[in-house]
Amino acid sequence: MWRKLVRPNIRAMQPYVSARLEHDAQDALFLDANENSLGSVGGSGLNRYPDPLQRNLKKRLADFKKVDAGRIFLGNGSDEAIDLLMRAFCEPGRDRILITPPTYGMYAVCARVNDVAVDAAPLNPDFSLNAERVLETAGPDTRMLILCSPNNPTANVLDYQLVEKLIRSFDGLVVIDEAYVDFAAANSWLARLGDFSNLVVLQTFSKAWGLAGARLGMAFADPGLIDVLNKIKYPYNVSALSCCAAEKALDHIPQYRKMLGQILQNRTALTADLQSLPFVREVFPSRTNFLLFRVQDAAGLYRFLQRKGIYVRDRSSQLHCADCLRVTVGSTDENEALIQSMKKFKTHV
Ligand SMILES: *Cc1c(COP(=O)(O)O)cnc(C)c1O
901 MWRKLVRPNI RAMQPYVSAR LEHDAQDALF LDANENSLGS VGGSGLNRYP DPLQRNLKKR
961 LADFKKVDAG RIFLGNGSDE AIDLLMRAFC EPGRDRILIT PPTYGMYAVC ARVNDVAVDA
1021 APLNPDFSLN AERVLETAGP DTRMLILCSP NNPTANVLDY QLVEKLIRSF DGLVVIDEAY
1081 VDFAAANSWL ARLGDFSNLV VLQTFSKAWG LAGARLGMAF ADPGLIDVLN KIKYPYNVSA
1141 LSCCAAEKAL DHIPQYRKML GQILQNRTAL TADLQSLPFV REVFPSRTNF LLFRVQDAAG
1201 LYRFLQRKGI YVRDRSSQLH CADCLRVTVG STDENEALIQ SMKKFKTHV
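Residue numbering for the sequence shown follows my numbering, beginning at 901 and increasing consecutively.
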């Protein structure tokens, strides 16, 4: 059970009660939050503080995701949820988290900001999960295991049975970052929240929904754990603009599905085009909206593309990713421009 893992100071503290949390009647006179009652300069209609708990959006999301609204936390990107989880559950200078490199860099950065030690149980060279290594590496102070599935930058989904085994045997929180799950045609761990109280699932509006600029991340977990995150977050952590953008997106689910289909189609085409280039050694199978591929001279190709005004990510320095670049699946035109440029690349090794 996760309750014993909450830091004592967090458990004991009383949260800040914002004006909008105290009263949320619809037709009252709101003279309690020192807002500008005359309106907004520029007429944007943003003179009122937003709902601290984003209840309308959560209701919509609960319907779409088939999860109780009480199991949803919304934050300023998934990054906020990652940070709050560390602050709630990891005692600085003592507790540790466990990650499985190569993986998303924010977990370790966030841990270091919070003075939380980071242990690594690397994926196998074929990017599969090494569950034994995870359990061996976990110690008595390991509060959190963070898995990313589909994983960034390796683009694969972690084995379902192995992950389940870890959730069952690991004596701490298991956070599964599903930022790319929309592209994966895989079972989301959302469906299993009721089975495991130590499970936290992260998703985001930044990728498939095309709302990276709105900064809106989701965490799903046991309702009591969500209460802990709400207790320590900034009172108005999600702006009215972001909520509004997400609600609008949920009004257009057919468009979401259509874009998703197009990206998957482009992913297939881009995979084939990359594979046809002589200096591309391997394009790793992708369950995401990006491709990781190994080439003969990653640093050279990276610089070559940069000179042509095409930016990709050099992941060569990451474990098991020697000479690997990561490229986002773009529009048909963007992918075509990328391939046309790459055709002009001559390797010097
Ligand atoms: C892109 C990405 C996210 C999304 O982060 P936001 O803060 O929600 O934009 C989360 N996790 C991983 C692994 C990602 O690649």
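Virtual Cβ for every residue (Gly too), placed ideally from N, Cα, C.
May I ask you to check if the CB of G977 is nearer than 7 Å to at least one heavy atom of ligand 1? yes
Just to check, is the beta-carbon of Y1004 closer than 7 Å to a non-hydrogen atom of ligand 1? yes
Supposed close pair R1033, L1073 - CB separation, criterion 8 Å: Going by Cβ atoms, the distance from R1033 to L1073 rounds to 19 Å, so no, they are not a contact pair.
Exposed or buried, I1256, counting other C-beta atoms within 10 Å across all chains shown (16 or more means buried)? What is shown of the chain runs 901 to 1249, which leaves residue 1256 out entirely.
Cβ pair A919, A933 closer than 8 Å: yes
Three-way DSSP call (helix, strand, coil) for I1132 in this model: helix
Rounded to whole angstroms, what is the Cα-Cα separation between K1107 and L957? 18 Å
What are the start and end residues of the beta strand (DSSP E) that includes A1020? 1017-1020
According to DSSP, is G1072 helix, strand or coil? coil
Taking only runs that begin and end inside the region 1019-1063, name each unbroken alpha helix (DSSP H) of 4 or more residues, in chain order. 1031-1037
Give a single yes or no on whether S1106 has its beta carbon closer than 7 Å to a heavy atom of ligand 1. yes
Which residues does DSSP pair with Q1103 in a beta bridge? M1118
Which term fits Q1103, buried or exposed, when burial requires 16 or more other beta carbons within 10 angstroms of its beta carbon? buried
Is the CB-CB distance between G975 and A981 below 8 Å? yes
Between C1048 and D1173, what straight-line distance do the alpha-carbon atoms span, to the nearest angstrom? 27 Å
Does the separation of the CB atoms of V1081 and L1093 fall below 8 Å? no
In terms of DSSP beta bridges, what is T1190 paired with? According to the sequence provided, residue 1190 is Phe. The question's Thr does not apply to it. DSSP lists T1228 as partners of F1190.
Given A1017, which residues of its chain have a CB within under 6 Å of its CB, disregarding the five upstream and five downstream residues? R996
Is it buried or exposed for L931, if we count other Cβ within 10 angstroms and need 16 for buried? exposed
L1191 and N1170 - do their beta-carbons sit closer together than 8 Å? The question names Asn, but residue 1170 is Leu in the sequence shown. Yes, these two residues count as a Cβ contact at 8 Å.
From the DSSP output, which residues share a beta bridge with G975? G1117
A1085 CB to nearest heavy atom of ligand 1 below 7 Å: no
Specify, as a first and last residue, the run of the alpha helix (DSSP H) that R1215 falls within. Note, R1215: premise wrong, no alpha helix (DSSP H); not H, not E.
Could you tell me the boundaries of the beta strand (DSSP E) in which L998 lies? 996-999
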